[in-house]
Amino acid sequence: MKTYLLYTSMLFISVSSLSSCVTAKRYDDMAARARQAEISKAECEEKIALLDEDKKRAEAQIQSLNSLTARLREDSVRTQDLYSKNKVLLDDLFDKYDRLNKSYNGLLANSAAEAGTLSKNLSEKERELLAMEQNLLANKAQVDKLSADLSAREQRLGELEQILKEKDQAVNDLRDKVNKALLGFKDSGLTVDVRNGKVYVSLAEKLLFKSGSYAIDPKGVEALTRLAGALKDQQDINVMVEGHTDDVPVSKDNACIDDNWDLSVLRATSIVNTLVSKGVPPARLIAAGKGEFSPVEAAKTAEARQRNRRTEIILTPKLDELFQILNVN
């Protein structure tokens, strides 16, 4: 959003500064672009706010789910341990019962008094046994409930893992598709890689623009046409176009460009307009300029500055299905 705000401010400044050197028609056109930029900024702020809320909810629910799963597993282990101990005790009681019963039968013929004592002891043991059986049944019911809850949680975790796996596969497939579409431009300063679940298409300045210009060269149009062909049918992919410059100030000979911020935004907008003209739905596109402030190399050499002068097209898969599962109670 800072990028859009700066872009809008610079566009208004550009319109003001050009009022004395351009025709009224072009002035009106640039003013209309400024108003459209304000509208686009508001729409992007709303979308980003919604995405941030979705992300926070998703992260909170995943953390809660992981915590609950850990607790359920700990409870299951403790219950299983209690069940094992109770079973050992029950087996011991059965063994004692058998021994007492044998003793009772042996002594019954010799002494009615001793038989009465044994009968009392046997009754007490039977009551203890009954109590243990009831405890075991209660523990078993608790274990069954915990197991059912754990199974349900594990099923949801499995669904989440499957969706994430499918998203990773989709990202890799998209990378391969883009690589194939842009194969002929690898030697012209173009790279395609995957970072943080997103596909990054980086295009060097020499492939797209002349120095200090935001007009796309024919070879750059050809590359963007092939990229658009790979993207226009990808309904679940959002496209962010970021313009980057080096730290060398723009030439003052170009009255339409104030600084590197302005140049980077204009370049990103030119690329977005080209992709739209080649069939990519505009609702899935975002144009942003970062000027000189996100370099890939901090050195001040010519080679480092050349690498910093680039355009990055970031392809991000939508995660609506993942958010839908996380919102299930």
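Each step along the sequence shown adds one to the number in full-length UniProt numbering, with nothing skipped, and position 42 is 42. Glycine residues also receive a C-beta, built at the ideal position from the N, C-alpha and C atoms.
Original post:
Who pairs with Thr225 in a beta bridge, going by DSSP?
Top reply: Paired residue(s): none; Thr225 is not in a bridge.
Coarse secondary structure for Leu100, derived from DSSP in three states: helix
Q. Helix or strand or just coil, what does DSSP make of Ile257?
A. Ile257 sits in coil when the DSSP states are folded into three classes, being neither helix nor strand.
Review point. With a cut-off of 8 Å, do at least 3 Cβ pairs link the stretch 225 to 236 to the stretch 177 to 189?
Key: yes
Q. The beta strand (DSSP E) spanning Glu312 covers which residue range?
A. 310 to 317
Point to revise | Cut-off 7 Å between Cβ atoms - residues of its own chain near Leu82, not counting five sequence neighbours on either side | key: Asn139
_Just to confirm my understanding: we take Asn308, look at its own chain, exclude 5 residues before and 5 after, and list those with CB closer than 8 Å. What are they?_
His244, Thr245, Asp246, Asp247, Glu292, Pro295, Val296, Glu297
Just to confirm my understanding: we take Gln142, look at its own chain, exclude 5 residues before and 5 after, and list those with CB closer than 7 Å. What are they? Thr79
Counting beta carbon pairs with one atom in the stretch 273 to 291 and one in the stretch 235 to 243, are three or more of them shorter than 8 Å? yes
key: Residue(s) in a DSSP beta bridge with Ala288   = Glu242
Query raised in the report: Excluding sequence positions up to five away, which residues of its chain have a Cβ less than 6 Å from the Cβ of Leu18?
Result: With a pLDDT of only 48 at Leu18, under the threshold of 50, the placement of this residue in the model should not be trusted; the figure read from the coordinates follows. Same-chain partners within the cutoff: there are none.
### Query
In its own chain, which residues sit with a C-beta less than 6 Å from the C-beta of Leu266, not counting the 5 before and 5 after it?
Tyr214
### Contact check, Asp259 vs Val250, beta carbons under 7 Å
yes
Of the residues Lys165, Ser277, Ala70, the one placed nearest Leu150, counting alpha carbons only:
Ala70
Every unbroken beta strand (DSSP E) inside the stretch 34 to 91 [3 residues or more]: none
Q: Check the DSSP bridge columns for Thr191 and list the partner residues they point to.
A: Ser202
Quick check: the Cα distance between Arg156 and Asp176, rounded to an integer number of angstroms?
Arg156 and Asp176 have their C-alpha atoms spaced approximately 30 Å apart.
**Prompt:** Which residues in the same chain as Arg305 place their Cβ atom closer than 6 Å to its Cβ, once the five residues preceding and following it in sequence are excluded?
**Reply:** Closer than 6 Å at Cβ, skipping near neighbours: Asp246.
Quiz item: Whole-angstrom Cβ separation of Leu160 and Thr311, contact assumed at under 8 Å?
Solution: So it is not a contact: roughly 34 Å between Cβ atoms.
**Asked** If you check the beta carbons only, do Pro317 and Lys167 fall under 7 Å apart?
**Response** yes
Requested in this report: Identify whether Phe209 lies in helix, strand or coil by the three-state DSSP scheme.
Outcome: strand
Applying the 10 Å Cβ sphere with the 16-neighbour rule, what's the burial state of Lys55? exposed
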